[in-house]
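Numbering (my numbering) for the sequence shown: 29 to 337.
To start, the structure itself, in structure tokens.
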Amino acid sequence: MLIGEILSSLIMIFILILPGIFFRKKELISDHQSEAVSAIVVNLTWPCMVINAMQMEFSFQILKDSGYMMAVALIVFAILIAVSFPLARLLRMSKTKQYMAVFMLIFGNTGFLGIPVIKALYGTEAVFFAAILEMINDVLMFTIGIVLIQLSAGADLKIRAKQFLNPGLIGVMIGLALFLLNCRLPELLGGSIEMIGAATTPLTMFAIGYQLGALKIKEIVGDWQVYVISFVKLLIVPVVTLVIVKLWAGEFTLLEKVLIISFAMPVASASTIFSQQYKGEVAFATKTVLLSTVLSIITIPIFAIIIEL
29 MLIGEILSSL IMIFILILPG IFFRKKELIS DHQSEAVSAI VVNLTWPCMV INAMQMEFSF
89 QILKDSGYMM AVALIVFAIL IAVSFPLARL LRMSKTKQYM AVFMLIFGNT GFLGIPVIKA
149 LYGTEAVFFA AILEMINDVL MFTIGIVLIQ LSAGADLKIR AKQFLNPGLI GVMIGLALFL
209 LNCRLPELLG GSIEMIGAAT TPLTMFAIGY QLGALKIKEI VGDWQVYVIS FVKLLIVPVV
269 TLVIVKLWAG EFTLLEKVLI ISFAMPVASA STIFSQQYKG EVAFATKTVL LSTVLSIITI
329 PIFAIIIEL
């Protein structure tokens with residue numbers, strides 16, 4: 029892919045943030061209505077986009093590639109888990125903030141933002157592999173991640189089976205089952221799912237823009253810990269992923285590009301959602317999510333260009 033095409037695709041998708049910022053600044057919709065937009069994405073359009081992307085003819089090569097994706101992703105996650113704890117301790121923060129920092133260093137916005145960006149860069153085929161990576165991310169987030177959030181809130185440790193039955197993971201499972209069975213949906217149903225899924229990118233970027241519209245620079249400027257976490261998440265993590273992929277594969281095919289760009293995503297928006305749910309470090313999580321998302325507008329294009337050189 030040419031550098032000009034990369035920049036055009038990313039600029040186009042990030043321009044979609046602007047309406048959300050405008051609506052927030054002008055107070056044209058409420059926080060409750062913005063949350064409804066996010067709920068539509070999470071519960072409807074995103075699963076439909078994944079199911080549509082996985083409507084591919086069964087191939088052992090694709091199955092093999094998916095296994096490779098899972099293996100590399102698990103290695104990167106293992107490194108992140110091992111390194112995040114000592115790094116959080118070095119940041120000289122309270123114990124509860126340390127657990128929140130570890131969560132944010134491990135989990136990126138691979139689904140809500142990552143999949144639309146990957147689709148814009150590499151097309152529908154790439155979404156299949158991004159969805160496989162997101163499946164691993166979800167399993168880890170709703171086990172290790174939930175434990176970290178509960179520790180950051182000083183809550184009792186509880187992991188429930190129903191936590192795994194989120195719409196995104198269900199969408200991946202349906203899409204994967206249809207792929208393994210080599211089953212194509214009827215044109216009427218498949219076309220409807222495709223149209224619903226197509227709304228994911230504009231709605232996602234609108235929701236992110238609405239969040240960014242509330243960003244108050246003075247609240248972030250003095251919090252150096254937020255900058256450190258954003259720096260590590262946006263630069264160090266993708267560099268480590270790039271090195272692992274280069275050593276393993278030796279070249280950057282579509283699979284490697286999806287891996288690197290996925291791990292170049294900003295801090296997961298789930299950081300704020302979960303910390304609100306468990307009454308944890310909400311302010312710390314929100315500031316880091318917003319700052320890393322703003323900075324990712326610069327860093328994601330950098331890595332997208334590097335892997336094309």
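Glycine residues also receive a C-beta, built at the ideal position from the N, C-alpha and C atoms.
Cβ-based burial, residue i [other Cβ within 10 Å; buried from 16]
i: Cys76; result: buried
i: Gln126; result: buried
i: Lys285; result: buried
i: Asp166; result: buried
i: Pro144; result: buried
i: Thr171; result: exposed
i: Leu197; result: buried
i: Ile289; result: buried
i: Ser58; result: exposed
C-beta atoms of residue i and residue j nearer than 8 Å
i: Val310; j: Gln304; result: yes
i: Val130; j: Phe113; result: yes
i: Leu283; j: Met97; result: yes
i: Arg52; j: Ala242; result: yes
i: Gly225; j: Ile45; result: no
i: Ile221; j: Ile79; result: yes
i: Leu287; j: Val100; result: yes
i: Glu153; j: Thr138; result: no
i: Val265; j: Leu118; result: no
i: Met293; j: Leu149; result: no
Separation of residue j from residue i, as counted between CA atoms
i: Ser258; j: Thr316; result: 7 Å
i: Gln253; j: Gln89; result: 44 Å
i: Leu168; j: Gly182; result: 20 Å
i: Ile134; j: Ser87; result: 32 Å
i: Lys274; j: Phe280; result: 7 Å
i: Leu262; j: Leu209; result: 38 Å
i: Ala64; j: Lys246; result: 28 Å
i: Lys123; j: Gly308; result: 12 Å
i: Ile68; j: Arg120; result: 39 Å
i: Gly199; j: Val267; result: 30 Å
i: Ala116; j: Val256; result: 10 Å
i: Leu240; j: Ala110; result: 31 Å
Span of the alpha helix (DSSP H) around residue i
i: Glu85; result: Here Glu85 belongs to no alpha helix (DSSP H), and DSSP marks it neither H nor E.
i: Met169; result: Element bounds for Met169: n/a, residue is neither H nor E.
i: Arg52; result: 45-53
Inset, instruction - Spell out a yes or no on whether the region 37-44 and the region 314-334 are touching, meaning 3 or more CB-CB pairs, one atom from each, closer than 8 Å. - result: yes
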